[in-house]
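*Asks:* Sequential numbering from 132 applies to the sequence shown in our numbering.
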Amino acid sequence: MHEAQQLDILASEEFERNMVDALGVRVRPALAQARRERMGLRTLIDEMRGEIEGSMQALGLELRTPIFVGEFPTGSFNAMAYPVSGGVLALMSTGLFMFIYKFIKIMALSIAVAQFDERGRPIGGTETEDSGYGHDEIVRLTLALVRTYLRWRSTDRATYLAPSGGRKWALCERLVYECEKFVLAHEYGHAVSGHLEARPVVKARTDTGDLDVVQTDWQHEVEADVLGTILLLEPCRVVDSREKALDLNVRVAAPLFFFGMDDLVSRCEVALWRRVGAPPPVRLSHPPSADRARLVRQLIRDRIQGSSERAFGLADLFLNWLSKTSDTAVERIGAGA
Ligand SMILES: [Zn+2]
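(1) Taking C-beta to C-beta, are E352 and P418 nearer than 8 Å?
(2) With DSSP as the reference, please indicate the residues paired to L450 in a beta bridge.
(3) Of the residues F230, G296 and L192, which one's Cα is nearest the Cα of L272?
(4) Is A355 near ligand 1, going by C-beta to nearest heavy atom under 7 Å?
(5) Any heavy atom of ligand 1 closer than 7 Å to the CB of T347?
(6) Would the beta-carbon of H321 be found less than 7 Å away from any heavy atom of ligand 1?
(7) Identify the continuous beta strand (DSSP E) that holds G296 and give its terminal residues.
(8) Would you report the Cα separation of A210 and I269, rounded to the nearest angstrom?
(9) Hey, could you find the ends of the alpha helix (DSSP H) G359 is sitting in?
(10) Following the continuous beta strand (DSSP E) through L327, name the residue where it begins and the one where it ends.
(11) Assuming the contact rule is C-beta atoms closer than 8 Å, L274 and R463 should be a hit. Round their C-beta distance to whole Å, please.
(12) Look at the alpha carbon of T347 and the alpha carbon of Y264, and state the distance between them as a whole number of angstroms.
(13) Hey, V277 and D356 are a contact pair by Cβ (cut 8 Å); roughly how many whole angstroms apart?
(14) In three-state terms, what does DSSP make of V219?
(15) Using 10 angstroms around the beta-carbon of E144, count the other beta-carbons present and answer buried if the total reaches 16, otherwise exposed.
(16) Taking all protein chains shown into account, do 16 or more other C-beta atoms lie within 10 angstroms of the C-beta of P294, making it buried, or fewer, making it exposed?
(17) Given the structure, does E352 come close to ligand 1, in the sense that its CB is under 7 Å from one of the ligand's heavy atoms?
(18) Output the boundary residues of the alpha helix (DSSP H) element that contains E202.
(19) Find the nearest neighbour of E365 within the set D378, R373, S372 and L227, judged by alpha-carbon distance.
(20) At a cut of 8 Å, does the segment 294-304 reach the segment 180-187 through at least three beta carbon pairs?
(21) Helix, strand or coil for T459, going by three-state DSSP, please let me know.
(22) In the DSSP assignment, find the unbroken alpha helix (DSSP H) run with F230 in it and report its ends.
(23) Starting from Q246, trace the alpha helix (DSSP H) in both directions and tell me its first and last residue.
(24) Report back the beta-carbon spacing between K299 and V381 to the nearest angstrom; my notes put them in contact at under 8 Å.
(25) Give the DSSP bridge partners of D341, in chain order.
(26) To the nearest angstrom, how far is it from the Cα of V370 to the Cα of A384?
(27) What's the call for M170, buried or exposed, on a 16-neighbour Cβ count within 10 Å?
(28) Along the alpha helix (DSSP H) that carries V270, what are the first and last residues, could you check?
Below is the structure:
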């Protein structure tokens with residue numbers, strides 16, 4: 132592994148204070164709308180590229196060949212990178228952006244904002260921005276989204292849900308963006324590590340026809356996850372303000388939440404196949420999401436010096452929500468709901 136990939140994050144001791152206060156500092160009214168609905172994906176992809184390449188520069192990493200990034204108009208929840216003449220083409224499927232966006236909009240319905248006491252506990256009666264959605268309703272929305280995806284390999288036909296707005300949406304939108312950026316950083320990880328050179332080319336079936344892509348193995352996927360995570364966390368190498376501490380929390384949460392979403396879709400798919408008595412399709416392109424999440428969590432833990440638990444604060448909240456939602460969703464599919 133490249134020497135410059137070492138990353139030490141110095142979490143500030145000031146991060147005792149609660150996350151909601153930090154959010155209050157960050158949020159400007161303009162952020163409380165869905166940026167992608169105002170700006171379009173092209174602008175977001177360009178922003179992500181700029182940030183990832185900035186991290187590479189800071190780490191002394193160089194691309195051996197130019198990388199071109201584009202939105203790929205298929206509904207699939209994935210991305211791919213492959214060599215073309217003069218460089219590498221990274222394709223981010225529209226469906227990847229849409230699934231993450233639509234799913235995190237559902238999560239936003241479960242979040243309320245409250246004031247916290249000095250021990251970090253929410254103060255009763257101060258909750259605002261509560262949507263009133265209970266666990267049942269959240270699982271129903273989740274199942275509708277996942278079922279639409281599994282049926283059509285696209286979430287286009289899923290019911291439109293308006294972004295909730297407010298401070299909680301500002302937080303959720305940051306998570307959406309960092310999850311997507313992690314996927315792109317993973318593709319950069321393949322390119323930087325030379326995985327796309329001198330490997331056998333295989334056909335990948337897509338909605339728009341077959342593509343010649345590079346066959347990567349699980350070891351390569353692990354390396355791309357490692358490098359992708361390092362690129363994502365690089366701007367938080369030094370945490371010296373509450374905004375930075377919050378930023379670090381969102382960036383730590385992003386890859387783990389992405390793997391959690393992938394795990395939810397896989398588990399629902401397996402449950403659906405089991406229900407009709409057929410063996411579920413085997414997916415071998417990547418290691419199982421739970422294994423990828425374990426590895427990335429350990430990597431982050433190893434590289435954060437000091438207050439690592441606090442860096443996982445948001446991740447643990449989000450993942451706790453995700454695992455409860457996933458468990459009930461899978462249970463309901465199994466029960467024929
Ligand atoms: Zn990969």
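Idealized CB from N, CA, C, for every residue including glycine.
*Replies:* Reading off the structure:
(1) As a position in the sequence shown, residue 352 is number 221, starting the count at 1. As a position in the sequence shown, residue 418 is number 287, starting the count at 1. Yes.
(2) Position 319 of the sequence shown, counting from 1, holds the residue named residue 450. Partner(s): none; L450 has no beta bridge.
(3) Counted from its first residue, the sequence shown places residue 272 at position 141. Nearest C-alpha to L272: F230.
(4) By 1-based counting over the sequence shown, the position of residue 355 is 224. Checking the 7 Å criterion, the Cβ of A355 is within range of a heavy atom belonging to ligand 1.
(5) Working through the sequence shown from its first residue, we reach residue 347 at position 216. Checking the Cβ of T347 against ligand 1 gives yes.
(6) Here the question's residue 321 lines up with position 190 in the sequence shown. Shortest gap from the CB of H321 to any heavy atom of ligand 1: under 7 Å.
(7) Here residue 296 refers to the residue found at position 165 of the sequence shown. In the DSSP assignment, G296 falls outside any beta strand (DSSP E), carrying neither H nor E.
(8) Residue numbering aside, residue 210 sits at position 79 when the sequence shown is read from its first letter. Residue numbering aside, residue 269 sits at position 138 when the sequence shown is read from its first letter. So the two alpha carbons sit approximately 27 Å from each other.
(9) Stepping through the sequence shown from its first residue, residue 359 is reached at position 228. Per DSSP, G359 belongs to the alpha helix (DSSP H) from W349 to L364.
(10) Working through the sequence shown from its first residue, we reach residue 327 at position 196. Here L327 belongs to no beta strand (DSSP E), and DSSP marks it neither H nor E.
(11) Position 143 of the sequence shown holds residue 274. Position 332 of the sequence shown holds residue 463. Right, their Cβ atoms sit about 6 Å apart.
(12) If you number the sequence shown from 1, residue 347 lands on position 216. If you number the sequence shown from 1, residue 264 lands on position 133. Near 42 Å, if we compare the C-alpha coordinates of Y264 and T347.
(13) In the sequence shown, residue 277 corresponds to position 146, counting from 1. In the sequence shown, residue 356 corresponds to position 225, counting from 1. So it is not a contact: roughly 23 Å between Cβ atoms.
(14) Position 88 of the sequence shown holds residue 219. Three-state result, V219: strand.
(15) As a first step, residue 144 is located in the sequence shown; it is residue number 13 there, counting from the start. Bear in mind that a pLDDT of 40 at E144, under 50, signals an unreliable position, so the number given afterwards is only what the model happens to contain. Of the other Cβ atoms in all chains shown, fewer than 16 fall within 10 Å of the Cβ of E144; this residue is therefore exposed.
(16) Taking the sequence shown and counting its residues from 1, one reaches residue 294 at position 163. Looking at its Cβ environment, which holds 16 or more other Cβ atoms inside 10 Å, P294 is buried.
(17) Your numbering for residue 352 matches position 221 in the sequence shown. If you check the C-beta of E352 against ligand 1, you find a heavy atom less than 7 Å away.
(18) Along the sequence shown, read from residue 1 onward, the residue named residue 202 stands at position 71. Taken as a continuous stretch (DSSP letters only), E202 belongs to no alpha helix (DSSP H), being part of the beta strand (DSSP E) at I198 to F203.
(19) As a working note, residue 365 is residue 234 in the sequence shown. Taking E365 as reference, the option from D378, R373, S372 and L227 with the minimal CA-CA separation is D378.
(20) Three or more Cβ pairs closer than 8 Å define a contact, and the segment 294-304 falls short of that threshold against the segment 180-187.
(21) What you label residue 459 is simply residue 328 of the sequence shown in a count that begins at 1. Here T459 sits in helix by DSSP.
(22) Counted from its first residue, the sequence shown places residue 230 at position 99. For F230, the enclosing alpha helix (DSSP H) begins and ends at T225 to A239.
(23) Within the sequence shown, residue 246 is the residue found at index 115, counting from 1. Counting along the chain, Q246 falls outside any alpha helix (DSSP H), and DSSP gives it neither H nor E.
(24) For the purposes of this step, residue 299 is identified with residue 168 of the sequence shown, where counting begins at 1. For the purposes of this step, residue 381 is identified with residue 250 of the sequence shown, where counting begins at 1. In this structure K299 does not touch V381 by the C-beta definition: roughly 13 Å separates them, more than the 8 Å allowed.
(25) Here the question's residue 341 lines up with position 210 in the sequence shown. Its beta-bridge partners are R336.
(26) Here residue 370 is taken as the residue at index 239 of the sequence shown, counted from 1. Here residue 384 is taken as the residue at index 253 of the sequence shown, counted from 1. When only Cα atoms are considered, V370 and A384 end up about 16 Å apart.
(27) Reading the sequence shown from its first residue, position 39 is the one you call residue 170. An exposed status is given to M170, since fewer than 16 other beta-carbon atoms sit within 10 Å of its beta-carbon.
(28) As a position in the sequence shown, residue 270 is number 139, starting the count at 1. Unbroken alpha helix (DSSP H) run through V270: H266 to W283.
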